[in-house]
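Novice:
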Amino acid sequence: MNDCIAVNIQDMLKAIGEKKLSKLLSDFSCPLNREVEDFVRNKSIDFAQRKLSITYLVMKRTNEDKNILVGIYTLSHKAIEITNSNISNTTRKKLLRYATLDKDTNKYNISAFLIAQFGKNNAVPKKYSITGNELMDLTFELLKHVQYCVGGGVVYLDCENMVKILDFYQNGCNRFKIFGERESDVDRKTYLQLLRFF
């Protein structure tokens, strides 16, 4: 993993310009999650320019001394509500460090980091690919730096209710826990919400 570097999309935009960056992003392929693929190709630059979220491009150097895009993650910061009855006592105790319980609604109100998009680029040769755990480690390297600068300690994400995806997020390396669900306004799908303390 030490041969990978995460580059802020805004820095890449300054370095190579919007036309070349759009070309680089147009080659991103994530057939298992077309939403991630569409976001990277068509929305990531705009979202960064409007400061809605920032995408990090994970680059790896090839044997031919060329940098290739092997994965991405997109971060944002949002306020969320966590229903008190949906969480364990251990999670409840940890949440109290970062949130307050609204006794009227029985929900914790918390400001948290959001992993809005997360995916590997399936267009790269297998010998240069990155694992999901390596990509998550890079994501948390940045989150820990941000935490050092501004505080916080909770990150969350939404994912489809699929065994393989849940196994990945809940494995011993990533340690996310389900705290709720939400329905998408766009496709009316129900997504699980997972959180992790760090």
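Take my numbering: the final residue in the sequence shown is number 212, and no numbers are missing along the way.
Note that CB positions come from ideal geometry on N, CA and C, so glycine has one too.
Remember, predicted model here, so these are calculated numbers, not experimental data.
#1: By DSSP, does F211 sit in helix, in strand, or in coil?
#2: What first and last residue would you give for the beta strand (DSSP E) that runs through I124?
#3: Distance check for E49 and Y205, CA to CA, integer angstroms please.
#4: Can you name, in chain order, every residue of its own chain whose Cβ lies under 7 Å from the Cβ of L157, other than the five neighbours on each side?
#5: Measuring only the C-alpha atoms, how far is N77 from K34?
#6: Mapping DSSP to helix, strand and coil, what is T76?
#7: Starting from I144 and walking both ways along the alpha helix (DSSP H), at which residues does that stretch end?
#8: Report the rounded CA-to-CA distance for V84 versus L208, giving the unit in angstroms.
#9: For L38, collect the residues of the same chain with a Cβ closer than 7 Å to its Cβ; drop the 5 residues on either side in sequence, then sort them by chain order.
#10: Measure the beta-carbon distance from I23 to Y70 and round it to whole angstroms, keeping in mind my assumption that it falls under 8 Å.
#11: Please name the residue, chosen from Y87, V21, D17 and E32, that lies closest to E51 on a Cα-to-Cα basis.
#12: Count the other CB atoms, across all protein chains shown, that sit within 10 Å of the CB of R196; report buried if there are 16 or more and exposed otherwise.
#13: Between which two residues does the beta strand (DSSP E) carrying A20 extend?
Specialist: For this structure:
#1: F211 sits in a strand when the DSSP states are folded into three classes.
#2: Residues K121 to K134.
#3: Roughly 13 Å separates the two Cα atoms.
#4: Apart from the 5 residues on each side of it in sequence, L157 sits with its Cβ closer than 7 Å to the Cβ of F127, V169 and F212 in its chain, given in chain order.
#5: In this structure, the straight-line span from the alpha carbon of N77 to that of K34 is close to 22 Å.
#6: The answer is coil: DSSP assigns T76 none of H, G, I, E or B.
#7: No alpha helix (DSSP H) holds I144; DSSP gives it neither H nor E.
#8: So the two alpha carbons sit approximately 24 Å from each other.
#9: Listed in chain order, the non-local C-beta contacts of L38 below 7 Å within the same chain comprise L83, local neighbours out to five positions each way being set aside.
#10: Contact holds; Cβ gap of about 7 Å.
#11: Nearest C-alpha to E51 among Y87, V21, D17 and E32: Y87.
#12: Of the other Cβ atoms in all chains shown, fewer than 16 fall within 10 Å of the Cβ of R196; this residue is therefore exposed.
#13: From DSSP, the beta strand (DSSP E) with A20 extends over C18 to N22.
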